[in-house]
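Accompanying notes for the structure given below.
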Amino acid sequence: MEHWMERPAWVEIDLRVLKRNIEIVQSRIADGSRMLAVVKANCYGHGMKECYPVFHACGVRDFGVATLSEAKELRSLGDPSDRIVLLGLNHPDLAGLACELNVVTLIADLDYAKALSDEAAKRGQTMEVLGCVDTGMGRIGYQWDDPAAVEALYAAAQLPNLNMIGLFSHLACEDLEDKSYSDLQQERFDKVLNALWAKGLELPLSSLANSPATSHRPQAHYGLCRPGGSLYGRYQGAFNRVEGIEPVMTVRAVILQIKDVPAGFSVSYLRSGRTTRPSRIATLPVGYADGLPRNWGAGRGYVLIGGRRAPIIGNICMDQFMIDVTDIPDVKLYDEAVLIGRSGEEIILLGDIGKACGILSNEVSLGMQLRLPYKYIR
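Going by the working numbering, the letters in the sequence shown line up with residues 22 to 399, in that order.
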């Protein structure tokens with residue numbers, strides 16, 4: 022079958038679903054704010070080259086990346102007027118490259134701000150920047166309660182050839198049902214923002230909202246929302262679910278062997294699976310070298326065949342794993358199994374696998390890029 026390409030296991034990316042997700046998220050953004058689509062890490066493992074035109078067709082003109090190399094790739098694909106924001110800190114030695122790529126960077130120290138100002142002046146450019154403040158993530162930015170923070174950000178905003186368009190921070194716990202820490206972070210953000218406003222800075226594109234805050238915290242939208250995972254159909258916890266948002270990624274594999282075995286039969290390395298009754302065991306040609314968590318097996322996970330669950334038996338091997346199809350009597354050789362995505366009325370979310378294995382859903386989707394071929398549905 023041609024859609025298998027090199028092997029009978031593959032990833033499907035439904036760009037029609039991506040478009041619907043984008044439109045749903047856009048509909049939840051408060052008036053006066055705009056969407057910055059986070060496309061870092063190859064669009065969370067979904068493919069930047071293929072996903073970018075969908076974002077652009079939906080009117081998205083602001084994008085977030087993690088590295089300058091990602092910004093360079095995005096520039097090669099897109100409209101030169103797109104605003105690209107580097108969502109981490111940059112090094113002074115790379116200020117020239119930031120200017121060359123016309124990337125909005127974060128300001129968290131004056132040395133970098135001065136280097137960027139100098140490089141912009143050499144090129145006759147005015148570079149947009151975002152002042153970065155740490156309100157509780159403990160990662161990057163001036164500490165919100167540092168008495169020198171407001172003065173440093175104001176000083177950076179006065180440097181020639183720089184235009185500070187907003188204040189930037191990141192919510193640490195918006196994925197949780199308890200939003201009290203997010204409330205505290207927003208209160209801290211507002212204190213710094215108000216202090217900078219009092220000094221005459223306008224900061225129209227200030228940004229605090231991540232995916233769940235974009236969908237559920239309109240008071241945090243300010244000028245620029247930064248949804249990421251929700252665009253690709255993922256969320257943490259039912260309380261963060263948005264009606265209509267669906268996974269963009271489906272992973273499929275074809276059964277290449279079925280065997281009937283007795284009770285007490287051991288399966289996979291270290292005999293990590295053991296049958297408790299006469300059973301039918303099927304083998305799928307995908308494993309942890311393809312991004313599946315090794316510990317998703319051994320009773321933690323299942324796949325879907327014809328809308329029915331087939332539990333994984335034993336640990337995931339490097340290139341293969343086994344499933345118990347005893348309770349699916351009509352299963353046959355070369356049937357397709359869904360590892361991630363929808364089959365009938367059942368669905369396996371990236372978050373389901375992450376929860377079962379104690380990892381993030383992003384770790385699962387990023388791993389899929391290792392070896393599996395991709396098929397794009399338009």
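Even for Gly, the Cβ is constructed at its ideal location relative to N, Cα and C.
Just so it is clear, the structure is predicted and the values come from calculations on it, not from any experiment.
Determine the contact status of R330 and E367, defining contact as a CB-CB distance below 8 angstroms.
For the purposes of this step, residue 330 is taken as residue 309 along the sequence shown, with counting starting at 1. For the purposes of this step, residue 367 is taken as residue 346 along the sequence shown, with counting starting at 1. Contact flag set, yes.
Closest to Y238 by C-alpha separation, out of K220, V154, W218 and D196, would be which residue?
Taking the first residue of the sequence shown as position 1, residue 238 is located at position 217. The question names Tyr, but residue 238 is Arg in the sequence shown. Per the Cα distances, D196.
Between the C-alpha atoms of L291 and I337, what's the straight-line distance to the nearest angstrom?
For the purposes of this step, residue 291 is identified with residue 270 of the sequence shown, where counting begins at 1. For the purposes of this step, residue 337 is identified with residue 316 of the sequence shown, where counting begins at 1. Their backbone Cα atoms lie some 11 angstroms apart in a straight line.
Decide if L391 is buried, meaning its Cβ has at least 16 other Cβ atoms within 10 Å, or exposed.
Here the question's residue 391 lines up with position 370 in the sequence shown. Exposed, by the Cβ-count rule.
In chain order, what residues of the same chain lie with their CB nearer than 6 angstroms to the CB of G285, ignoring the 5 residues before and after it?
As a working mapping, residue 285 is identified with position 264 in the sequence shown. Nothing meets the Cβ criterion.
Decide if the region 86 to 95 is in contact with the region 132 to 143; the criterion is three or more beta carbon pairs, one per stretch, under 8 angstroms apart.
no
Using DSSP with H/G/I as helix, E/B as strand and the rest coil, what is G221?
Position 200 of the sequence shown, counted from the start, is the residue given in the question as residue 221. Coil at G221, not helix or strand.
Coarse secondary structure for K415, derived from DSSP in three states:
No statement about residue 415 is possible, as the shown extent of the chain runs from 22 to 399 and does not include it.
So, does the region 248 to 258 touch the region 352 to 364, judging by three or more C-beta pairs under 8 angstroms?
no
When you compare each of F210, R273 and A274 to Y243 by their alpha carbons, which one comes out closest?
Looking up residue 243 in the sequence shown gives position 222. Among F210, R273 and A274, the Cα nearest to that of Y243 is on F210.
Spatially closest choice to L226 from T271, L214, L180 and A377, by CA coordinates:
Translated into the one-based positions of the sequence shown, residue 226 becomes position 205. The option with the nearest alpha carbon to L226 is L214.
Nearest-angstrom beta carbon gap, L188 and G159 [assumed within contact, 8 angstroms]:
Counting from 1 along the sequence shown, the entry for residue 159 is found at position 138. Counting from 1 along the sequence shown, the entry for residue 188 is found at position 167. About 18 angstroms; that fails the 8 angstroms criterion.
Where does P332 fall in DSSP's three states?
Residue numbering aside, residue 332 sits at position 311 when the sequence shown is read from its first letter. The answer is strand: DSSP assigns P332 an E or B state.
Please give the ranges of any beta strand (DSSP E) in the region 101 to 125, keeping only runs that are unbroken, at least 3 residues long and fully inside the region.
104 to 107
Selected residue, minimal CA-CA separation from Y163, among A129, M185 and C194:
Position 142 of the sequence shown, counting from 1, holds the residue named residue 163. Checking every option, the nearest Cα to that of Y163 belongs to A129.
With 16 other CB atoms within 10 Å as the buried threshold, where does M389 fall?
For the purposes of this step, residue 389 is taken as residue 368 along the sequence shown, with counting starting at 1. It counts as buried.
With DSSP run on the structure shown, which of helix, strand or coil describes M270?
Sequence index remark: in the sequence shown, residue 270 carries index 249 (1-based). Looking at M270 - three-state DSSP - the assignment turns out to be strand.
If you measure between the beta carbons of V60 and F84, is that distance less than 8 angstroms?
Taking the first residue of the sequence shown as position 1, residue 60 is located at position 39. Taking the first residue of the sequence shown as position 1, residue 84 is located at position 63. Contact: yes.
Rounded to whole angstroms, how far is the Cβ of G99 from the Cβ of Y73, which I believe are closer than 8 angstroms?
Taking the first residue of the sequence shown as position 1, residue 99 is located at position 78. Taking the first residue of the sequence shown as position 1, residue 73 is located at position 52. Between Y73 and G99 the Cβ distance is about 6 angstroms, and since that is below 8 angstroms, they are a contact.
Using CA coordinates, which residue listed in L277, Y256, Q278 and I276 is at the minimum distance from P268?
Counting from 1 along the sequence shown, the entry for residue 268 is found at position 247. The shortest Cα separation from P268 among L277, Y256, Q278 and I276 belongs to Y256.
Could you tell me which residues DSSP puts in a beta bridge with G53?
Against the sequence shown, residue 53 aligns to sequence position 32. In the DSSP output, where bridge partners are listed per residue, G53 has none listed.
Please give the ranges of any beta strand (DSSP E) in the region 305 to 374, keeping only runs that are unbroken, at least 3 residues long and fully inside the region.
323 to 326, 329 to 334, 342 to 345, 357 to 364 and 367 to 369
I need the DSSP call for M22, collapsed to helix, strand or coil.
As a first step, residue 22 is located in the sequence shown; it is residue number 1 there, counting from the start. Low per-residue confidence applies at M22: pLDDT is 49, beneath 50, and the placement is therefore not dependable enough to give any value.
When you compare only the Cα positions, how much space is there between P17 and A319?
No statement about residue 17 is possible, as the shown extent of the chain runs from 22 to 399 and does not include it.
Taking the C-alpha atoms as reference points, what is the distance between V32 and D373?
Translated into positions along the sequence shown, residue 32 becomes position 11. Translated into positions along the sequence shown, residue 373 becomes position 352. Distance between the alpha carbons of V32 and D373 is about 17 angstroms.
Is the beta carbon of L107 less than 8 angstroms from the beta carbon of Y397?
Within the sequence shown, numbered from 1, the residue matching residue 107 stands at position 86. Within the sequence shown, numbered from 1, the residue matching residue 397 stands at position 376. In this structure, Y397 does not lie closer than 8 angstroms to L107 by Cβ.
So I334 and V288 are supposed to be a Cβ contact under 8 angstroms. How far apart are they, rounded?
Here residue 334 corresponds to residue number 313 of the sequence shown, with the count starting at 1. Here residue 288 corresponds to residue number 267 of the sequence shown, with the count starting at 1. Right, their Cβ atoms sit about 5 angstroms apart.
On the DSSP bridge assignment, give the partners of Q278 in chain order.
Counting from 1 along the sequence shown, the entry for residue 278 is found at position 257. T304.
Assuming L110 contacts L127 (C-beta within less than 8 angstroms), just tell me the rounded distance between them.
Numbered from its first residue, the sequence shown carries residue 110 at position 89. Numbered from its first residue, the sequence shown carries residue 127 at position 106. Confirmed, Cβ separation roughly 6 angstroms.
Where does the unbroken alpha helix (DSSP H) through I161 begin, and where does it stop?
Indexing the sequence shown from 1 puts residue 161 at position 140. Premise fails: I161 is in no alpha helix (DSSP H) and is neither H nor E.
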